[in-house]
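Report on the following structure.
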Amino acid sequence: MNSLSKSEKKNAVIETYLNSPERQRKLYRRTLITVIFSQIFGGAGLAAGITVGALLAQDMMGTDKFSGVPTALFTLGSAAAALLVGRFSQKLGRRIGLGMGFVAGGLGALGVVAAALADSLVLLLISLLVYGAGTATNLQARYAGTDLASPKQRATAASMAMVFTTLGAVAGPNLVNVMGSFALSIGVPSLAGPFLLAAVAYLLAGAVLLIFLNPDPLLIANAIAENNSKGSTGSSNGTLGEAAKRGITLGAVVMILTQIVMVAIMTMTPVHMKHHGHGLSEVGLVIGFHIGSMYLPSLITGVLVDKVGRTVMAMASGVTLLLAGIIAATAPNDSMVMLIIALCLLGIGWNFGLISGTALIVDSTTPSDRAKVQGSVDVLIALAGASGGALSGMVVAGTSYSTLSYIGGFLALLLIPIMFWLKAKK
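Position one of the sequence shown corresponds to residue 10 (my numbering), numbered consecutively onward.
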């Protein structure tokens, strides 16, 4: 009975939004603010694995050959989490799906710390898989901002949800030495220090969403769509049409290719720098610039995607990633400036691809299938990142960092002919 009254209460809240555009706009703004705060914490959480994950594995395994494995593992974990977060969000709303995803990421980060303390490789590998849930959730949170956005606001909404990740994501790598010193002071290996920060950050991000993302934007958007479709003669069975499938394919291809290239080059940069005498603080500085470039351009990217078009910005992503690969490949080993420029371009190219691809996915779905489709696409993105991370170490071990960078750059350039082909295909 108590459960029934809760259900009735929830339905009554939803009813108040159905015929009130003003309330819908207010909820849209409130949702963006809530997601922004969660993303600040989430950005700090994801930075730990990117900055020291490969170095921690290298230290525990005693070889460079498998230094791409941590990135591959937490990316594989993010693939499984993306599917679960998408399904839970579709059934229960963004609040539960995203909130629990961040909590899982925080528990995984604590597991990495425990693995470093126990010097347990098995526990490290398992914990990195669970830690990946935070990465997937951090990425999927961008969709929450689009649920109540108009078609001309969608890319801007996604970018606003992402841009504040910059604050945490840039701070995270630059706190590597501080967290390393803190970890040593409490008897934890220094490379596990950033994962202490990740645990706290992810748990706080989850708490923000679970407490404040209410009423749930996806549930409201779904109710509005159902209300608007009453009396419509169109199909309401949720089956995707050809145009929708093509849009989803376009969006997925853009995000998958950019993810492979970005993860592969980013993963091996800290190892490459360490081999050439750069310290942990210098690695943190370069990765900090990179992560900032992944998210900060969102201030402009979303507007550009909405104004000049999804396809144009997807092609711009390919060209930018090509430049990143060429500069990384040709940068002198002792040049911090050139590495920073290369990694900044790598982040910007990824940003262009992610936001244009996200807009294509949102354009091609409805609230009744959106979260499920988004989760499935993010699984493919995560698997692509896992492949890039795992293969990057082997490519560098067999050839060089320069070869990896060239391969990545020219792979990204394939976006241009692929976009023309898929757009022309009917």
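We treat Cβ as the ideally placed atom computed from N, Cα and C, and that holds for glycine. Quick caveat, the model's predicted, so the values are computed rather than measured.
Residues in the same chain with beta-carbon distance under 7 Å from residue i, minus the five sequence neighbours each way, listed in chain order, please.
i    : result
L442 : As shown, the chain starts at 10 and ends at 435. That puts residue 442 outside it, with no answer to give.
L424 : V263, L266, A323, M324, S326 and G327
S401 : G77, A273, T276, M277 and L413
G243 : At G243, the pLDDT of 45 sits below 50, so the modelled position is not reliable and the matter cannot be decided from this model.
I350 : I336
V314 : A164, M322, I364, S365 and A368
Excluding five sequence neighbours on each side, which residues of the same chain lie with their C-beta closer than 6 Å to the C-beta of residue i?
i    : result
L65  : L200
F419 : none
L212 : G115
P306 : I357 and N360
L176 : I49
H281 : Y410
P198 : A125
M303 : G356, W359 and N360
Does the beta carbon of residue i sit closer than 7 Å to a beta carbon anywhere in chain C?
i    : result
H281 : Included in the structure is just one protein chain, with no chain C present.
Given residue i, which residues of its chain have a CB within under 8 Å of its CB, disregarding the five upstream and five downstream residues?
i    : result
G23  : Note that residue 23 is Ile in the sequence shown here, rather than Gly. Result list for I23: P224, L228, I229 and A232, in chain order.
L36  : Y26, L157, P224, P226 and I229
H285 : N342 and D343
L422 : G327, V328, L330 and L331
L82  : L134, L137, L138, G141 and A395
V312 : A164, T165 and S168
P160 : D372
F191 : G202 and L205
Y415 : G334, I335 and A338
G62  : P79, T80, F83 and L137
Q33  : Y26, L157, I229 and I233
L193 : S199 and G202
L85  : L138, G141, A391, L392 and A395
Could you work out which residue in the options is closest to residue i when comparing CA atoms only?
i    : options                   : result
V405 : M277, L363 and A142       : M277
N147 : I105, G189, G196 and Q48  : Q48
A142 : M109, I309, I390 and M275 : M109
C353 : T367, A368, I336 and L369 : I336
Q383 : S396, L369, A395 and V122 : L369
L490 : T310, L313 and L355       : Any property of residue 490 remains undetermined from this structure, which presents the chain solely from 10 to 435.
F97  : A380, S396 and G407       : A380
F221 : A81, S409, D128 and R104  : R104
K254 : L134, L431 and G334       : L431
M69  : S385, D128 and V280       : D128
G417 : P279, H299, A338 and A214 : A338
L163 : F173, G366, I195 and G196 : One point to set straight first is that residue 163 is Arg, not Leu, in the sequence displayed. Out of F173, G366, I195 and G196, G366 has the C-alpha closest to the C-alpha of R163.
Q99  : G398, A393 and T374       : T374
V185 : G106, L107, A216 and L294 : L294
G398 : P79, A261, S409 and V122  : P79
S168 : M403, S194, G362 and D387 : G362
Y390 : G86, A261, A340 and H287  : It should be noted that the sequence gives Ile, not Tyr, for residue 390. The shortest C-alpha separation from I390 is found at A261.
Y410 : D378, G334, F429 and M428 : G334
V187 : T258, G102, F204 and P279 : F204
V217 : L392, V270, A150 and G196 : A150
V270 : T258, L392, K316 and L308 : L392
L289 : P30, G189, L101 and V388  : G189
G52  : V209, S194, F429 and A252 : V209
D378 : I427, R39, V131 and Y152  : Y152
N386 : L193, P30 and Q268        : It is Val, not Asn, that sits at residue 386 in the sequence shown. Ranking the options by Cα distance to V386, first place goes to Q268.
E291 : N20, G196 and L348        : L348
T258 : P376, G407, F429 and K316 : F429
F46  : S238, Q33 and L219        : L219
P376 : S238, H287 and P279       : S238
Can you check whether the CB of residue j is closer than 7 Å to the CB of residue i?
i    : j    : result
G250 : D372 : no
A170 : V346 : no
L41  : G202 : no
L330 : G358 : yes
I364 : T320 : no
L308 : V122 : no
G436 : V112 : Residue 436 is absent from the model: the chain starts at 10 and stops at 435.
S87  : T144 : yes
L92  : V388 : yes
*At what residue ranges does the stretch 193 to 269 contain a whole run of the alpha helix (DSSP H), taking only runs of 4 or more?*
202 to 221 and 226 to 238
_Please give me, in chain order, every unbroken run of the alpha helix (DSSP H) with length at least 4 that falls completely inside the stretch 96 to 162._
103 to 127 and 130 to 153
*In chain order, which beta strand (DSSP E) runs of at least 3 residues are fully inside the stretch 344 to 388?*
none
*Enumerated in chain order, which unbroken segments of the beta strand (DSSP E) with a length of 3 residues or greater are wholly contained in the stretch 271 to 346?*
none
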